[in-house]
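Residue numbers (the working numbering): 1 to 89.
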């Protein structure tokens, strides 16, 4: 799930929830906590800001690394939500 990816990527980068919130313009660390646990849904705009801040493709963040890599391996990079239908994901 996307919320698990956010937490994993944040921890890999040594960031607290408050630091991630500050860097990507999300209200508070508590908001990040709620997104990471699935209690709050993030908008696509928030996902884009989170992906940019975590330095990953939004596809990887939303769908998970395995699906993003599978699309690239098949010659179908998925750089945005609008490309998902093209890639058949």
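Think of the CB as a built atom: it goes at the ideal place given N, C-alpha and C, for glycine as much as any other residue.
A direct Cα-Cα distance of roughly 15 Å separates residue 19 from residue 46. Under a 10 Å Cβ-count criterion, residue 37 is classified as exposed, with fewer than 16 other Cβ atoms of the shown protein chains found around its own Cβ.
Inside the stretch 25-65, DSSP marks whole alpha helix (DSSP H) runs of 4 or more residues at positions 29-37, 44-54, 58-63, from first to last along the chain. In the three-state reduction of the DSSP assignment, residue 13 falls in the coil class, being assigned neither a helical nor a strand state.
For residue 48, the CB contacts under 7 Å within the same chain, skipping 5 residues up- and downstream, are 58 in chain order. A straight-line Cα-Cα distance of about 18 Å links residue 14 and residue 26.
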